[in-house]
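Going line by line, the protein sequences match chains A and B. Taking this note's numbering, the leading residue of the first sequence gets 6, the next gets one more, and so forth. Taking this note's numbering, the leading residue of the second sequence gets 2, the next gets one more, and so forth.
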Amino acid sequence: MLRLLRQIARVGTITEELRESDAYERAGRELAAMINKRFAGSLAIREVDAGSCNGCELEIHATNNAFYDIERFGVHFTASPRFADMLLVTGPVSVNMKTALEMTYEATPDPKLVVAIGDCAVNCGVFGRDNYAIAGAVSDIIPVDVVVHGCPPTPTDIIRGILAAIDGMP
Amino acid sequence: MRHKANTWFAERLGDQGIRTTYLSDHHPAHMPCLEIMRLEWKHAAEEARRLDMRLVALWAAEAGCHDQDQHARQGLYAYMAFAHPDHRHALLRTPLDAKNPQLPSIASEYIAASRMERHMADMFGIRIEGAPDARPWIRHEHWPQDALPLRKGFDAQSPMAVSSDCGDYDYVRSTSSGVYEIPVGPVHAGIIEPGHFRFLAVGEQILNMEERLGYVHKGIERAMQGRDAMEGIRLAARVSGDSAVAHAWVFAQAAEFAADIEPPKRASFIRGILCERERIANHIGDIGAICNDAAFAFMHMQMQRLREEMARLHQEIFGHRLLFDTIVPGGVSVDPDAKQLARLKWQTTAIAEEVERLRSLYADHPSIQERVIGSGVVAIDDARDIGLLGYAGRASGHYPDERIEEAYSPYDELEVNVPEGRNGDVATRVWVRFEEIADSARLIGEMIDSLPDESCSLEWRPPEPGVSGFAAIEGWRGEIAAWVRFGEDGLIDRYFVRDPSVINWLGLELAVREVPVPDFPLNNKSFNCSYSGNDL
Chain A
6 MLRLLRQIAR VGTITEELRE SDAYERAGRE LAAMINKRFA GSLAIREVDA GSCNGCELEI
66 HATNNAFYDI ERFGVHFTAS PRFADMLLVT GPVSVNMKTA LEMTYEATPD PKLVVAIGDC
126 AVNCGVFGRD NYAIAGAVSD IIPVDVVVHG CPPTPTDIIR GILAAIDGMP
Chain B
2 MRHKANTWFA ERLGDQGIRT TYLSDHHPAH MPCLEIMRLE WKHAAEEARR LDMRLVALWA
62 AEAGCHDQDQ HARQGLYAYM AFAHPDHRHA LLRTPLDAKN PQLPSIASEY IAASRMERHM
122 ADMFGIRIEG APDARPWIRH EHWPQDALPL RKGFDAQSPM AVSSDCGDYD YVRSTSSGVY
182 EIPVGPVHAG IIEPGHFRFL AVGEQILNME ERLGYVHKGI ERAMQGRDAM EGIRLAARVS
242 GDSAVAHAWV FAQAAEFAAD IEPPKRASFI RGILCERERI ANHIGDIGAI CNDAAFAFMH
302 MQMQRLREEM ARLHQEIFGH RLLFDTIVPG GVSVDPDAKQ LARLKWQTTA IAEEVERLRS
362 LYADHPSIQE RVIGSGVVAI DDARDIGLLG YAGRASGHYP DERIEEAYSP YDELEVNVPE
422 GRNGDVATRV WVRFEEIADS ARLIGEMIDS LPDESCSLEW RPPEPGVSGF AAIEGWRGEI
482 AAWVRFGEDG LIDRYFVRDP SVINWLGLEL AVREVPVPDF PLNNKSFNCS YSGNDL
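Rendered as structure tokens:
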């Protein structure tokens, strides 16, 4: 246990020069204020991979690492759509995932927000729309509030997308 | 690229009275493609098994440009690839009757063949004779009856019209009153890919876990047809995003073999550096995630921090956090300068040292050790029967490594150390990953030190129509095998790729028998198979 504490002390708080992290921190602070105002300080997200190559999943994971730590702004990922305020959907929607995506959307209580993460979610990306196995982009299947481009988008882009979705709420 | 033709397998088959024809339009010659008669398909597999060869892959293809003249009636071929540690890879193919394609199952020799045969049946409508499992695999219940996506004449340009009135998948069930079922997925609880797991459990114990995959089937094989190699490699890299380097490399190498192009050594070295960095990043991420699934969050935070540091340097030097699109046919698209290479080497060493420090904490922490030691054992005999790859194999006494078996450049000039585990549990799979991180860091250092000073790519020029190439690359999950055939105008007319997950998913099913249900995530993460790579 002592060695464990020593490692924690040795690594310390992860910081970096403001120039690089500035964009993220600013977006984060805005996000935290927005979540305080509109979601009583806590935004629950359900992530749905509707056909992604798993690259977007790696970057969504990264928003939870010590550099970004999205949870400090009041964002957390939930295991069930029943508790979710927002869906983050990745991938072109495969024919085999279409029903599951629709059911997840239905299971999410209103009002709900949907953010399409990554080029594939936005426009089917490299897999293409002219494809027997692709049902369409996310917005072809369920209503989408905000899209985030990138293959995959960076953690900073992802947090900006989440912010934009809340900002755009009526 | 002139390689000596490998006649070993042809000779062994000849001893058994199986006549083989060498196909000269297939490259490279050291991984020969031999045509046999369909009636001898199973016999050949039996002989391969007797020779202790490993099944690499099984696939089918419509006739290519050359084949149409030879077999006007037979427009379809089945292929299988085997590997032997001393005699490298060899391919067999046999013509099928396009109107009524049938093929004997080889699953009695190689259990891993079963899902690949089901994939062939789904995509081509090939009837597998004597198949132990005739259920569809990628074809979900709502697909149209007549949909055969890889056959000519199938409308692949628009989404399939699916039916809402369809049956359910025929899961393995138990009639015992004490057994209950736990259906999980396709949408899982974490931030992971979709798939369905059906557990049969008695109390806390898992009696059987059955995987139902195919949810992220994106028609990759079909979408590859008609693209040129430059476009195709972007799609290949996205077969499984966490293995973008390895998947791009296997595509590039298969295409380069076909086109008889040898990329400059500098390109191979940079590819090696990229691939080893990808291996380290994924192993680090997974070790953290395994610990997290056993509530050891400390390790998770530490490991994800290291992974992020790697991603940032990748962005800076190679222009992409996950190294997408850094490999192109003919070479690499990024050529780091001396200063960048020095930083890369420095960071690799620093991260490897930090991982060693964390490893000693992991080893000294009884609450995590209690969970990983003895959990999810795959016995050595089972691992060899299945042909488990990568760290899953290395934890269970099965050690294929293409960096040694195929010894492609740059590994022909390096010594790769393969950790040899035997206990087959989660702890050993984690141990293998720790060992591989250290070894990859050493390899990266050696590659940077001996990086040849020359151009890092050749101009790509496609081969003549009808020529095919096969390659096997050791990605971080294990061997990725790919076969590409070109058609007119340098466009791809068939691409087949076998991610290691296709085989390793079977290992997970076996590992979690008699494991308590709450230890499933831990085991699942210790295999961390790709859904996307399996479903294509």
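All C-beta atoms in this analysis are idealised placements derived from N, C-alpha and C, irrespective of residue type, glycine included.
Which residue comes first and which comes last in the beta strand (DSSP E) that contains residue i?
i, result
"residue 493 of chain B", "493–499"
"residue 403 of chain B", "Run containing residue 403 of chain B: none in the beta strand (DSSP E); it sits in the alpha helix (DSSP H), 403–406."
"residue 469 of chain B", "469–475"
"residue 152 of chain A", "151–153"
"residue 95 of chain B", "89–97"
"residue 212 of chain B", "206–213"
"residue 534 of chain B", "Unbroken run through residue 534 of chain B is the alpha helix (DSSP H), 532–536; no beta strand (DSSP E)."
"residue 197 of chain B", "197–203"
"residue 119 of chain B", "Here residue 119 of chain B belongs to no beta strand (DSSP E); instead the alpha helix (DSSP H) covers 114–125."
"residue 36 of chain B", "34–36"
"residue 481 of chain B", "480–487"
"residue 236 of chain B", "Unbroken run through residue 236 of chain B is the alpha helix (DSSP H), 230–238; no beta strand (DSSP E)."
"residue 50 of chain A", "48–54"
Provide the residue span of the alpha helix (DSSP H) that contains residue i, from first to last.
i, result
"residue 12 of chain A", "7–16"
"residue 85 of chain B", "Element bounds for residue 85 of chain B: not the alpha helix (DSSP H) but the beta strand (DSSP E), 77–85."
"residue 318 of chain B", "298–319"
"residue 341 of chain B", "339–364"
"residue 367 of chain B", "367–373"
"residue 160 of chain A", "160–172"
"residue 274 of chain B", "266–294"
"residue 254 of chain B", "245–260"
Please name the residue in the options whose C-alpha comes closest to that of residue i.
i, options, result
"residue 364 of chain B", "B:428, B:346 and B:377", "B:428"
"residue 330 of chain B", "B:474, B:412 and B:230", "B:230"
"residue 358 of chain B", "B:60, B:54 and B:307", "B:307"
"residue 155 of chain A", "A:141, A:128 and A:148", "A:128"
"residue 103 of chain A", "A:91, A:123, A:135 and A:146", "A:146"
"residue 61 of chain B", "B:251, B:14 and B:150", "B:150"
"residue 485 of chain B", "B:234, B:361, B:510 and B:297", "B:234"
"residue 109 of chain A", "A:93, A:97 and A:122", "A:93"
"residue 136 of chain B", "B:161, B:102, B:171 and B:160", "B:171"
"residue 375 of chain B", "B:475, B:254 and B:523", "B:523"
"residue 172 of chain A", "A:158, A:150 and A:46", "A:150"
"residue 179 of chain B", "B:297, B:202 and B:197", "B:202"
"residue 87 of chain A", "A:51, A:35 and A:30", "A:51"
"residue 526 of chain B", "B:254, B:426 and B:51", "B:426"
"residue 441 of chain B", "B:462, B:354 and B:195", "B:354"
"residue 345 of chain B", "B:44, B:373 and B:312", "B:312"
"residue 111 of chain A", "A:89, A:125 and A:160", "A:89"
"residue 29 of chain B", "B:194, B:255, B:164 and B:192", "B:255"
Is the beta carbon of residue i less than 9 Å from the beta carbon of residue j?
i, j, result
"residue 32 of chain B", "residue 521 of chain B", "no"
"residue 411 of chain B", "residue 514 of chain B", "no"
"residue 84 of chain B", "residue 54 of chain B", "yes"
"residue 228 of chain B", "residue 132 of chain A", "no"
"residue 27 of chain B", "residue 451 of chain B", "no"
"residue 136 of chain A", "residue 160 of chain B", "yes"
"residue 40 of chain B", "residue 94 of chain B", "no"
"residue 139 of chain B", "residue 536 of chain B", "yes"
For a contact meaning CB atoms closer than 7 Å, what does residue i contact in chain E?
i, result
"residue 141 of chain B", "No chain E appears in this structure, whose protein chains are A and B."
Is residue i close to the ligand GDP? I mean its beta-carbon at under 8 Å from any heavy atom of the ligand.
i, result
"residue 202 of chain B", "For the ligand GDP, the structure offers nothing, since it holds no ligand at all."
Going residue by residue through the region 135–186 of chain B, where are the continuous beta strand (DSSP E) segments of at least 3 residues, counting only ones entirely within it? 181–185
Please list the segments of the beta strand (DSSP E) lying wholly inside the region 56–126 of chain A, counting only runs of 3 or more residues, in order along the chain. 80–82, 91–95 and 118–122
When you check each C-beta in the region 209–237 of chain B against every C-beta of chain A, which residues fall closer than 9 Å? 215, 216, 217, 218, 219, 220, 221, 223, 224, 232, 235 and 236
Along the region 158–173 of chain B, what residues have a CB closer than 8 Å to any CB found in chain A? 158, 159, 160, 161 and 163
Given a limit of 9 Å on CB to CB distance, which residues of the region 184–196 of chain B reach chain A? 186, 187, 188, 189, 190, 191, 192, 193, 194 and 195
Mind checking the region 151–171 of chain A against chain B and listing, in chain order, the residues whose C-beta falls within less than 9 Å of any C-beta there? 156, 157, 159 and 160
Counting only Cβ-Cβ distances shorter than 7 Å, please list the residues of the region 288–299 of chain B near chain A, keeping chain order. 299
Quick one: which unbroken alpha helix (DSSP H) runs of 4-plus residues sit fully inside the region 499–525 of chain B? Chain order, please. 502–512
For the region 362–374 of chain B, which residues have a CB atom closer than 8 Å to at least one CB atom of chain A, in sequence order? 362, 365 and 366
Residues in the region 100–112 of chain A with C-beta within 7 Å of chain B's C-beta atoms, listed in sequence order? 100, 101, 102, 105 and 109
Determine which residues of the region 62–77 of chain A have a Cβ less than 7 Å from any Cβ of chain B, and write them out in chain order. 62, 63, 65, 66, 67, 70, 71 and 72
Interface residues of the region 236–259 of chain B facing chain A [CB-CB below 8 Å]: 236, 239, 240, 241, 242, 243 and 245
For the region 40–61 of chain A, which residues have a beta carbon sitting closer than 9 Å to at least one beta carbon of chain B? 51, 52, 53, 54, 55, 56, 57, 58, 59, 60 and 61
Runs of alpha helix (DSSP H) lying entirely within the region 373–446 of chain B, each at least 4 residues, in chain order: 381–387, 391–395 and 403–406
Return the residues of the region 491–521 of chain B that lie within a Cβ-Cβ distance of less than 8 Å from chain A, sorted by chain order. none
Could you name the residues of the region 324–357 of chain B whose beta carbon sits closer than 7 Å to any beta carbon of chain A, in the order they occur along the chain? 325
Compile a chain-ordered list of the residues in the region 301–312 of chain B whose CB is closer than 8 Å to at least one CB of chain A. 302, 303, 305, 306, 308, 309 and 312
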